[in-house]
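Report on the structure given below.
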Amino acid sequence: MSGHSNWPEWIYVAVVIALMAWVGAEAWETERLIEHVPEDAKIIIVTGQQWFWTFEHEDGTKEIGELHVEVGKAYKFEVISKDVNHSFNIHDYVVLMDAIPGRVNTVWFAPDKVGEHDIQCREYCGLIHYNMRGTLYVTEPSS
Amino acid sequence: MKFVFEFLLIMAVLVALPAADFAFAAGDEPGEYLDRRVVIWNLFYKMMTVAFIVGSVVSGTIIWQVWRFRESHPKAKPTSYEGTDW
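From first to last, the protein sequence lines stand for chains A and B. My numbering numbers the first residue of the first sequence as 46 and each following residue consecutively. My numbering numbers the first residue of the second sequence as -4 and each following residue consecutively.
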């Protein structure tokens, strides 16, 4: 077609490709950063079942419906389920991981302030899903 | 050839950005952990900024095109395949 220039289209295509590359790189980098578990993270086994959470610390102590951790330390959650799909969520610390029967999913966090936070199930798991809650207690380090 | 060059350039950016950020990655020293909340919400706000800017540019372009190329626009011209009797 004479007299027709298509350079705006090429600029449009270049901008779209550049944006997609940038968005992809940012998301990829964020995922890489948050999936990097600190080597000294303490392991807590989180078990979801209808309709409560059980937490097992490295020393074998277990807690039901509440979890005590210490400020300034890193923790790695190994999230499992005994029955149906659940999702382990500590909203205030942006911790969210599915609990799937037959799988061990991991997520980590490092609380930086003393306080109490809600733990909840974020995957509809049956009649009392709405009340599958717990409390996270972040305390001062004991030693 | 040009396509290959552009493709390689994009791939280079995709690899270089995370590699550059690696230098600033959080250490494993106790008490120096990465603040997941900051990283995750930061990504969210960046993506929302991009999404809203792209959304407004695209919808703005469409609205302008509809307005500019309507039949009743003062500068509207028939295309060759529409005939010359305007």
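We put the beta carbon where it would ideally sit given N, CA and C, even for glycine. Note that the coordinates shown come from a computational prediction; the quantities given were computed from them, not determined experimentally.
- prompt: Among the residues of its own chain, which have a CB less than 8 angstroms from the CB of A/Val116, if the five just before and after it don't count?
  reply: Residue mapping note: residue 116 of chain A aligns to position 71 of the first sequence, counting from 1. Within the same chain, A/Val116 has close Cβ partners Pro156, Asp157, Lys158, Val159, Val183, Thr184, Glu185, Pro186.
query: With contact counted as at least three CB pairs below 8 angstroms, one residue from each stretch, are the region 67 to 75 of chain A and the region 133 to 141 of chain A in contact?
result: no
field: Whole beta strand (DSSP E) elements within the region 40 to 74 of chain B, 3-residue minimum
entry: none
query: Is there a Cβ from chain B that is less than 8 angstroms from the Cβ of A/Thr106?
result: Residue 106 of chain A sits at position 61 when you count from the first residue of the first sequence. Chain B, which has no Cβ nearer than 8 angstroms to the Cβ of A/Thr106, makes this no.
task: Say whether chain A places a C-beta atom closer than 8 angstroms to the C-beta of B/Met43.
output: Walking along the second sequence from the start, residue 43 of chain B turns up at place 48. Cβ-Cβ to chain A under 8 angstroms: no for B/Met43.
field: Buried or exposed by the 16-neighbour rule on C-beta atoms within 10 Å, applied to B/Met43
entry: Numbered from its first residue, the second sequence carries residue 43 of chain B at position 48. Exposed.
Residues bridged to A/Glu84 (per DSSP): Reading the first sequence from its first residue, position 39 is the one you call residue 84 of chain A. Beta-bridge pairing links A/Glu84 to no other residue.
- request: Can you pull the chain A residues whose beta carbon is under 7 angstroms from the beta carbon of B/Arg32, in chain order?
  value: In the second sequence, residue 32 of chain B corresponds to position 37, counting from 1. Here the neighbours are Tyr138, Val139.
field: beta strand (DSSP E) segments (min. 3 residues) lying fully within the region 82 to 120 of chain A
entry: 87 to 94, 97 to 101, 107 to 109, 111 to 115
query: Are A/Val100 and A/Ile88 closer than 8 angstroms when you measure CB to CB?
result: Taking the first residue of the first sequence as 1, we reach residue 100 of chain A at position 55. Taking the first residue of the first sequence as 1, we reach residue 88 of chain A at position 43. The sequence given here places Phe at residue 100 of chain A; Val does not occur at that position. No, the Cβ-Cβ distance between A/Phe100 and A/Ile88 is not below 8 angstroms.
message: Using a Cβ-Cβ distance cut-off of 8 angstroms, determine whether A/Pro83 contacts chain B.
response: Residue mapping note: residue 83 of chain A aligns to position 38 of the first sequence, counting from 1. Yes, because at least one Cβ of chain B sits closer than 8 angstroms to the Cβ of A/Pro83.
field: Under 7 angstroms by beta carbon: chain B residues contacting A/Val68
entry: In the first sequence, counting from the first residue as 1, residue 68 of chain A sits at position 23. Neighbours of A/Val68 on chain B, chain order: Met42, Val45.
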